[in-house]
Amino acid sequence: MSMRAILGAAVLAVCGSSAGAAVFRYDLDLIYLGTRYTELQLIFSGTGEEIRKDSYLADGNPFGLPVYSSAGIGDAVSFSGIFYVPDDQDQVLDYFDNGGRAYACVLAGNDCSATVSAVRTSASSLSFQAGEYVSFVSNLGAGGRLSYTYNLDYMSSGDFADGFYVFWDRTAEFAVTSASITDLSLAPVPLPASAALLPVGMGAIACLRRRRRRPRPRSAAGHSRP
457 MSMRAILGAA VLAVCGSSAG AAVFRYDLDL IYLGTRYTEL QLIFSGTGEE IRKDSYLADG
517 NPFGLPVYSS AGIGDAVSFS GIFYVPDDQD QVLDYFDNGG RAYACVLAGN DCSATVSAVR
577 TSASSLSFQA GEYVSFVSNL GAGGRLSYTY NLDYMSSGDF ADGFYVFWDR TAEFAVTSAS
637 ITDLSLAPVP LPASAALLPV GMGAIACLRR RRRRPRPRSA AGHSRP
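What follows is the structure in C-alpha cells.
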C-alpha cells in the first residue's frame, strides 16, 4: 500500500469514527436455556414418515438437528456487543445506522456481528435485526430473557441423517443474570481502530514531508539528473 493510501485510510477511520454518533457497549451474563424450533417437521426419506412438533427443544435431540451453542442447558455464558444507537430510533433510516454490521457482537462464543442493521435500545431492553431472518431481543435486567432467532431463510430447511426437516423459527434462549452498559461515545478516543491507525497516518505525513525535502542527486559534473 502506498503512503498516500495509508494516510487516506487513517484519516477516513478517524473522521468516520468521531462523527456525532452514540456508541454503546453491552455486556450481559447469561444462562443458556437451549435452542428451540417452532413448527418443526421432520421427513424420513426411507419410509416417508413425518414427525411434527409445534415447539421442540433441540438440545440433545436424536436427529442431529443443529443447536446454537455447544454449552449445556444451565451453563453460564455471556453476550458482548458494541453498536451505534441513533438519537431518533423511530426513523426508517435506523435500518442503515450500523452500516450493515455491528462494531462487535459475540453471543455464547459465536460471532453475531455480520449484517446487523437496525438497533433499538432503552434503559430496560435491547434489540437488533441482522439481515432478514435474524433478530435479537433482550431485557437488560437480572431475571430477564434474551432470545436470538437465527433462521436460514423463509421456511428454513436442512438435512439430517435419515431425511430432511423444515421449520418456521429457530431461537437460542437465555436468562439474563446481570447487565452492564457503557457509553463509548463519551470516551476521549472514539474507537480502537482509529487510535491504531492515527500513528500510522502521522508517520505517513512525516515520510511524505521527508521525501519532498530530500535534495535530488547530482551527477559528477554537478548538474542535476534529468
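Each residue of the sequence shown is one higher than the one before, starting from 457 at the first, in my numbering.
Every residue gets a Cβ at the ideal spot worked out from N, C-alpha and C, and that includes glycine.
What residue does the beta strand (DSSP E) around residue i start on, and which one ends it?
i: aspartate 618; result: Here aspartate 618 belongs to no beta strand (DSSP E), and DSSP marks it neither H nor E.
i: arginine 481; result: 478-500
i: glycine 504; result: Counting along the chain, glycine 504 falls outside any beta strand (DSSP E), and DSSP gives it neither H nor E.
i: glutamate 629; result: 625-639
i: glycine 537; result: 532-541
i: tyrosine 606; result: 601-606
i: leucine 582; result: 581-586
i: arginine 576; result: 572-577
i: cysteine 568; result: First-last for cysteine 568: undefined, no H or E at that position.
i: serine 526; result: Taken as a continuous stretch (DSSP letters only), serine 526 belongs to no beta strand (DSSP E), as it is neither H nor E.
i: asparagine 517; result: Where asparagine 517 is concerned, there is no enclosing beta strand (DSSP E), given that its DSSP letter is neither H nor E.
i: alanine 558; result: Taken as a continuous stretch (DSSP letters only), alanine 558 belongs to no beta strand (DSSP E), as it is neither H nor E.
Alpha carbon to alpha carbon, how far is residue j from residue i? Give it in angstroms, no decimals.
i: leucine 582; j: valine 575; result: 8 Å
i: aspartate 609; j: alanine 570; result: 16 Å
i: serine 534; j: arginine 508; result: 32 Å
i: glycine 502; j: threonine 638; result: 55 Å
i: leucine 596; j: aspartate 615; result: 36 Å
i: serine 641; j: tyrosine 589; result: 30 Å
i: valine 541; j: glutamine 585; result: 13 Å
i: alanine 709; j: threonine 494; result: For the chain, the structure presents residues 457 to 682; residue 709 sits outside this window and is missing.
i: tyrosine 524; j: tyrosine 512; result: 14 Å
i: alanine 598; j: alanine 617; result: 40 Å
i: leucine 563; j: valine 622; result: 25 Å
i: aspartate 543; j: aspartate 510; result: 39 Å
i: phenylalanine 500; j: glutamate 506; result: 6 Å
On the premise that residue j lies in contact with residue i, defined as a C-beta separation below 8 Å, what is that separation, rounded to the nearest angstrom?
i: arginine 455; j: alanine 514; result: Missing from the structure shown is residue 455; the chain here goes from 457 to 682 and no further.
i: glutamate 629; j: leucine 489; result: 4 Å
For residue i versus residue j, is the C-beta distance shorter than 9 Å?
i: tyrosine 604; j: serine 612; result: no
i: leucine 496; j: tryptophan 624; result: yes
i: alanine 631; j: glycine 600; result: yes
i: leucine 498; j: threonine 633; result: no
i: cysteine 568; j: phenylalanine 539; result: no
i: glycine 565; j: alanine 532; result: no
Counting C-beta neighbours from all protein chains within 10 Å, is the total for residue i 16 or more, i.e. buried, or is it exposed?
i: phenylalanine 620; result: exposed
i: glycine 724; result: The structure shown has nothing for residue 724, since the chain only spans 457 to 682.
i: valine 645; result: For valine 645, the predicted structure reports a pLDDT of 46, less than 50, and the residue's modelled location is therefore unreliable. The matter cannot be settled from this model.
i: proline 518; result: exposed
i: arginine 693; result: Residue coverage of the chain in this structure runs from 457 to 682, which leaves residue 693 outside it and unanswerable.
i: valine 572; result: buried
i: glycine 504; result: exposed
i: alanine 635; result: buried
i: serine 578; result: exposed
i: glycine 516; result: exposed
i: serine 536; result: exposed
i: serine 594; result: buried
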